[in-house]
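What follows is a set of notes on a single structure, which appears directly below.
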Amino acid sequence: MSNYKLGLDYALNQDQEDDIKSYRNQFYIPKDKHGNDLIYMTGNSLGLQPKQTKSYVNQELEDWANLGVEGHFEAKNPWLRYHEFLTEAMANVVGAKPIEVIVMNTLTANLHFMMASFYQPTKNRYKILIESDAFPSDKYAVESQLRHHGFEPKESLILWKPREGEELLNYKDLESILKAQGDEIALIMIGGVNYYTGQFFDLKRITELGHQYGCIVGFDCAHGAGNVQLNLHDSGTDFAAWCTYKYLNSGPGSLAGCFVHERHAYRKDLNRFAGWWSHNKETRFSMRGEFDQLPGAEGWQLSNPPILSMAAIKSSLDLFTEVGMDALTEKSRKLTGYFEFLLKDLGESIIQIITPSNPDERGCQLSIQVKKADKALHHKLTEAGVISDWREPDVIRCAPVPLYNSFEDVYQLVEKLKVILNG
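Last residue of the sequence shown: 409 (the numbering used here), numbering continuous.
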């Protein structure tokens, strides 16, 4: 869609024609001190709360109050298998088969558990490749894994870097790295959507390239799950992990998701850190038998699930199931394309968007550099009622989320930015 137009009337008309506009009313929108809706553009950091979440959590609180331990079996949603209520919906969000997906732990913990199984260094193949500006937690995690296995990160961590004067990563450079060092690389682990630039990587292309050189390939999909069509199964990647508190609106610090490709589902040769929740469900409570590993992603669980967090995830996933990723990504492309159109109208001498312009190479986030601006600009935007995200050294990240952001939100944001820049 490229026939965008200037003016508020166009934005209001687009909102009127939006097939999923009613879902905005199913979220709490933060308000200013005068009771007016703020323009919330940080769903890429923390998603807004669905109004129905309180009732989902309260259901579990009531069952806990009324049933005590019997809630594991007698609750409206029996706690013993609560994670199973999330599996199919989460698999649909990330493009996977149910056997490949589990909700458990937190994001970086899941990455460590995946590396415990899939990073198996040898004397000759031990290096890990990540993008140079990976989210810090990913970098810390892989460095600690290298040290755990007795390798020095400075020599064993390979960084896929942008070219001089550029912000985005080039696949030809990745090909060159693998051609030169592929037989030494044990693991490639990339952020599916880069947190800083918003670049959405071709997961299948990276996976096929890595497998061509015998590397294990995994992705941190924190900025992808619920934002873009990840198609994890079709990508062929070995594993992936993601949080649920960004685009999946499950609340601060909520549980994470994990994907293990079905070709690994029945592999008992893979090293793993086990717990009783990865043991055969039929004999789990016999307590004294030898470990009998569950197949699929469930086989990486450790402990019984935290129900209150899962209730919040279930609330959000029920909305995703209603809307569907196809409808969400269709609106997302239009909304972010409109945002890009309005920003470019301000003039490229003022604004530079470092996120790819190709809709296939981004989600809803645009990362904006404003010439000769510093964090003071971000503070002024906040004072003007825009909740955005500042990242050093000079980027404002804005993510118009299709579930609850409107075309009018985008229009008003750019109008406020225009006033600040002209002030």
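Just so you know, even glycine gets a beta-carbon here, dropped at the ideal spot from N, CA and C.
Report the three-state DSSP secondary structure of residue i (helix, strand or coil).
{"i": "Lys232", "result": "coil"}
{"i": "Val387", "result": "coil"}
{"i": "Glu86", "result": "helix"}
{"i": "Thr28", "result": "strand"}
{"i": "Ala211", "result": "coil"}
{"i": "Phe187", "result": "coil"}
{"i": "Asp119", "result": "coil"}
{"i": "Ile406", "result": "helix"}
{"i": "Pro36", "result": "strand"}
{"i": "Arg253", "result": "coil"}
{"i": "Ile339", "result": "strand"}
{"i": "Arg133", "result": "helix"}
{"i": "His265", "result": "strand"}
{"i": "Phe393", "result": "helix"}
In chain order, what residues of the same chain lie with their CB nearer than 6 Å to the CB of residue i, ignoring the 5 residues before and after it?
{"i": "Leu367", "result": "Ser374"}
{"i": "Tyr252", "result": "Pro281"}
Taking Cβ to Cβ, would you say residue i is nearer than 8 Å to residue j?
{"i": "Glu248", "j": "Ile88", "result": "no"}
{"i": "Cys244", "j": "Asn78", "result": "no"}
{"i": "Ala127", "j": "Thr94", "result": "yes"}
{"i": "Asp4", "j": "Glu394", "result": "no"}
{"i": "Val381", "j": "Leu399", "result": "no"}
{"i": "Val214", "j": "Ile6", "result": "no"}
{"i": "Phe187", "j": "Ile176", "result": "yes"}
{"i": "Tyr390", "j": "Ile15", "result": "yes"}
{"i": "Leu145", "j": "Ser162", "result": "no"}
{"i": "Thr193", "j": "Val179", "result": "no"}
{"i": "Phe13", "j": "Lys37", "result": "yes"}
From residue i to residue j, what does the alpha carbon distance come to, in whole angstroms?
{"i": "Met(-13)", "j": "Gly81", "result": "Residue placement at Met(-13) cannot be trusted, given a pLDDT of 48 that sits under 50; what the coordinates show is reported in the next sentence. Using only the alpha carbons, I get a separation of about 25 Å."}
{"i": "Leu(-2)", "j": "Gln35", "result": "24 Å"}
{"i": "Pro139", "j": "Ile116", "result": "12 Å"}
{"i": "Ser142", "j": "Glu347", "result": "29 Å"}
{"i": "Ser343", "j": "Lys330", "result": "11 Å"}
{"i": "Tyr105", "j": "His135", "result": "10 Å"}
{"i": "Ser318", "j": "Cys350", "result": "6 Å"}
{"i": "Gly200", "j": "Leu403", "result": "48 Å"}
{"i": "Val405", "j": "Pro379", "result": "23 Å"}
{"i": "Ala102", "j": "Lys158", "result": "30 Å"}
{"i": "Leu164", "j": "Leu47", "result": "52 Å"}
{"i": "Val396", "j": "Leu216", "result": "25 Å"}
{"i": "His250", "j": "Thr73", "result": "18 Å"}
Please work out which residues of its chain come closer than 8 Å, Cβ to Cβ, to residue i, disregarding the five sequence neighbours upstream and downstream, and give them in chain order.
{"i": "Leu241", "result": "Val89, Met90, Asn91, Thr92, Thr230, Pro291, Pro292, Ser295, Met296 and Ile299"}
Leaving out the 5 sequence neighbours to the left and right, which residues in its chain are closer than 7 Å to residue i when beta-carbon positions are compared?
{"i": "Lys62", "result": "Gln45 and Asp49"}
Is it the case that the region 230 to 239 contacts the region 32 to 50, given that we only count it when at least three CB pairs across the two stretches are under 8 Å? Counting Cβ pairs under 8 Å, three or more are found: they touch.
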